[in-house]
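Q:
Residue numbers (our numbering): 1126 to 1211.
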């Protein structure tokens, strides 16, 4: 999965050089993007949040992805946090 995510990210970035890209993905892809951007191996324990509807910001350069911001949920109301009441 990691290589597929890396290849797809590289392809999108090359097609849209200098542009902002919005990518909607499930948790597995987001986890891989975080690992790629932070140079963490696939078998490293996850210590980062994968928030539902979170905004994650990454920067692509020819050297690869780097992490700009992760799991930003400020755009959501506080009520989204308590899933136990729904």
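All residues carry an ideal CB built from backbone N, CA and C; glycine is no exception. All of these numbers come straight from a predicted model, not from anything done at the bench.
Count the C-beta pairs between the segment 1145 to 1162 and the segment 1187 to 1200 that are closer than 8 Å, then say yes if the count reaches three, no if not.
A: Yes, the segment 1145 to 1162 is in contact with the segment 1187 to 1200.
Q: What span of residues does the alpha helix (DSSP H) with residue 1154 cover, start to end?
A: For residue 1154, the uninterrupted alpha helix (DSSP H) run begins and ends at 1152 to 1163, by DSSP.
Q: On a CA-only basis, which of 1173, 1197, 1201, 1188 is nearest residue 1131? Give me that one, please.
A: 1188
Q: Output the distance between the C-alpha atoms of residue 1177 and residue 1136, rounded to the nearest integer angstrom.
A: So the two alpha carbons sit approximately 26 Å from each other.
Q: From what residue to what residue does the beta strand (DSSP E) around residue 1182 run?
A: In the DSSP assignment, residue 1182 falls within the beta strand (DSSP E) that extends over 1180 to 1186.
Q: Using a Cβ-Cβ cutoff of less than 8 Å, which residues in the same chain neighbour residue 1201 once the five nearest sequence positions on both sides are dropped?
A: 1178
Q: Considering just the uninterrupted stretch of the alpha helix (DSSP H) at residue 1193, what are its terminal residues?
A: First-last for residue 1193: 1189 to 1197, but that is the beta strand (DSSP E), not the alpha helix (DSSP H).
Q: Could you give the C-beta distance for residue 1175 and residue 1156, rounded to a whole number, given that I count them as a contact under 8 Å?
A: 6 Å
Q: Report the rounded CA-to-CA distance for residue 1143 versus residue 1196, giving the unit in angstroms.
A: 23 Å
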